[in-house]
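Residue numbering for the sequence shown follows this note's numbering, starting at -2 and increasing by one per position.
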Amino acid sequence: MQTNNSDTRRWLAFAVLLVGAFLPPLDFFIVNVALPSIRSDLGTSAAELQLVISGYAAAYAVFLITGGRLGDLFGRRRVFLAGISGFGLTSLLCGLAISPSMLIVGRVLQGLSAAAMAPQGLASIHALFPVQERSRALGLYGAAVGFAAVVAQALGGALISADILNLQWRIIFLINLPVVAAVLIGGLPLLPDARGDSPAPIDWGGVLLCALTLGLLIVPLVEGRERGWPWWACAMLIAMPLAGLCFWRYERAFARRGGVPLVSVDLVRMPGLISGLAGVLFFYVVSAFFLVFSVYLQSALGLGPLETGLVFLPFGVGFFIGPLTTPLAVRIFGSWVPAIGMLFEVAGCLYLAALVAQAPAQMPAQLPLMVAVGLLGFGQGWALPTLVRSVIDRAPATGSGMIAGLTNSALQISAALGVAVIGGIFFSIAGDSPDPMSMAKGLIAAMLCTGASLSLAAVLSVVASRSGIQAAPRPVPR
């Protein structure tokens, strides 16, 4: 009886932690379907809309590794509860925003809170579960993250269309409050206060230099076009490589002094890791698809939020089916699976661009549209887990945690850059007074750029798989 109670308590604690894994990707993707409503209500510019998404992703990316280190130092229970409390408060700030600037600041702070919250669930699996139960727990953790990305568009559309208490787009943020309250009530008595075995001090200098480098890149890419490329935007872009060089040199010096750097220079130099991480950076720009296609569907074709969310459902179905078939795909195609998955996505991008080109101001036929969006989801379901695992598997056992954190950060940086660059291309072509034709041209250009980036990511994944060492075989995540 005592064993059963212990097992029940352990799984309840894990369920609480899964909410912390579910909310960050949900709040990244759910915003896309609300962008036209936000623009209409707050008078938000195209650049500010991009910052609503990329500001969250960039803050989340830069501080994700730091969030894991904080859990090691101060206890994962304490950091998780602090992170989810901050997530609730910043969700309230976003929901009450009365200006674009207030919303952007709220989103950046929300990304910081998510970075403190999200890593604690994965790190706590070893403390909560015996060896024989960890694979099941890891599978549930991955399913929670994937499910959040899949349901976000439809859920956001349903919430906005329901117009609960006349809150319109604000409900997508305020709905987090009862969830956070339930987690805090359930989490306080359940969560274990585990820490790292030998936690290293946080590399705050590396964190700040990394944030500076990313900020010098993303802000001018988003704001420069909108403001006519003022001198300060050009100066920031020129300063970005210098900041990146300072970050790299600081990390090397920090490691020589005996510290544990944010990014290990020695680990990144291992065969295949640079090309693998570069592949990740070019891969997740597909996140811009949700932004540009959502804006096109609502602003050019006049669809409502719920109808827009439903258009994305084939992506979710494809994303669900993809990982179910990857074990068989790996047995047949081996290390080519990530590249083949990305080529499915390229096919989806090209097919969608062709459908829009045929009838720019009309809704494409239902079946072809489902095929195009479904190809994007299926390819993502093949490529995402296998690409991430192929990069992580190239690290030695002692460095797998750092490389895993760096890979997850690279995914978020890729998402932020995709929104900044490809979103910028879309809005530039659409123009200041967009009409259905100009928005269709912008969408076609955005899909072609996304396809080109995915093609390059596919090539880099093959280069990584062919370099030097062979990755240790591990089961494909499902």
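Backbone N, C-alpha and C define an ideal beta-carbon position, used for all residues, glycine too. It should be emphasised that the depicted structure is a prediction, and the values quoted were computed from it without experimental measurement.
Apart from the five residues on each side of it in sequence, which residues of its chain come closer than 6 Å, Cβ to Cβ, to F424?
A43
So, under 8 Å CB-CB, I419 and V282 are touching, yes? Tell me the CB distance rounded to an integer number of Å.
6 Å
Using the Cα positions of D390 and G338, report the straight-line distance between them to the nearest angstrom.
19 Å
Beta carbon of A236, beta carbon of A437: below 8 Å?
no
Enclosing alpha helix (DSSP H) for Q363 [first to last residue]
Q363 to I389
Leaving aside the five residues before and after T323 along the sequence, list all residues of the same chain whose C-beta is less than 7 Å from its C-beta, in chain order.
V334, W379, P382, T383 and V473
Got a sec: does the ligand PLP put a non-hydrogen atom nearer than 7 Å to the Cβ of P268?
Absence of the ligand PLP from the depicted structure is noted, as is the absence of any ligand whatsoever, leaving it without description.
Please state whether the Cβ-Cβ distance between I62 and L259 is less than 8 Å.
yes
Kindly indicate which three-state DSSP category P268 falls into: helix, strand or coil?
coil
Helix, strand or coil at S261 according to DSSP, with G and I counted as helix
coil
Quick one: grab the DSSP three-state call for F126.
coil
Below 7 Å CB to CB, which residues in the same chain sit around L23 once its five sequence neighbours on both sides are set aside?
A145 and A149
Please report how far the alpha carbon of E248 lies from the alpha carbon of I161, in whole angstroms.
49 Å
Cβ-Cβ separation, F286 to L373 (assumed contact under 8 Å), whole Å
7 Å
May I have the straight-line CA-CA distance separating F251 from W245, to the nearest angstrom?
10 Å
Let's test the definition: count the other Cβ atoms within 10 Å of the Cβ of C446 and tell me whether it reaches 16, buried, or not, exposed.
buried
Should V128 be labelled buried (16 or more other beta-carbon atoms within 10 Å of its own) or exposed?
exposed
The alpha helix (DSSP H) with D38 in it runs from where to where?
L32 to L39
Note down the Cα distance separating V142 from G85, rounded to an integer number of angstroms.
19 Å
Range covered by the alpha helix (DSSP H) that runs through F71:
A43 to F71
Report the residue ranges of all beta strand (DSSP E) runs contained in full by the segment 141 to 202; include only those spanning at least 3 residues, in chain order.
none
Rounded to the nearest angstrom, what separates G65 and Q363 at their Cα positions?
44 Å
Hey, quick one: how far does the alpha helix (DSSP H) through L307 stretch, first residue to last?
P302 to V308
Does the beta-carbon of C346 have 16 or more other beta-carbons within 10 angstroms, so that it is buried, or is it exposed?
buried
Run through DSSP, which three-state label would S96 get?
coil
Once you ignore the five residues that flank L213 on each side, which residues in its own chain have a CB closer than 6 Å to its CB?
M233, A236, M237 and A240
C91 burial status per 10 Å Cβ neighbour count (16 or more: buried):
buried
Reference S462, options G153, R386 and F317, closest by Cα
R386
Proximity below 8 Å, CB of L48 to CB of I101:
yes
Give me the residue from F279, D38, I122 and S88 with the minimum Cα distance to N163.
When only C-alpha atoms are compared, the closest one is D38.
Neighbourhood of S435 by C-beta distance below 6 Å, restricted to the same chain and skipping five residues each side
A427 and G428
Helix, strand or coil: how does DSSP classify V473 here?
Here the model assigns V473 a pLDDT of 42, short of 50, so the residue's position is not dependable and the matter cannot be decided.
What do you reckon, are the CB atoms on L480 and F312 nearer than 8 Å?
The structure shown does not extend to residue 480, since the chain is modelled only from -2 to 475, so the question has no answer here.
Can you tell me where the alpha helix (DSSP H) with A454 in it begins and where it stops?
P433 to R463
Do F279 and I318 count as a contact pair if the criterion is CB distance below 8 Å?
The beta carbons of I318 and F279 sit no closer together than 8 Å.
Which of helix, strand or coil does DSSP assign to L209?
In the structure shown, L209 sits in a helix (DSSP, three-state: H, G or I).
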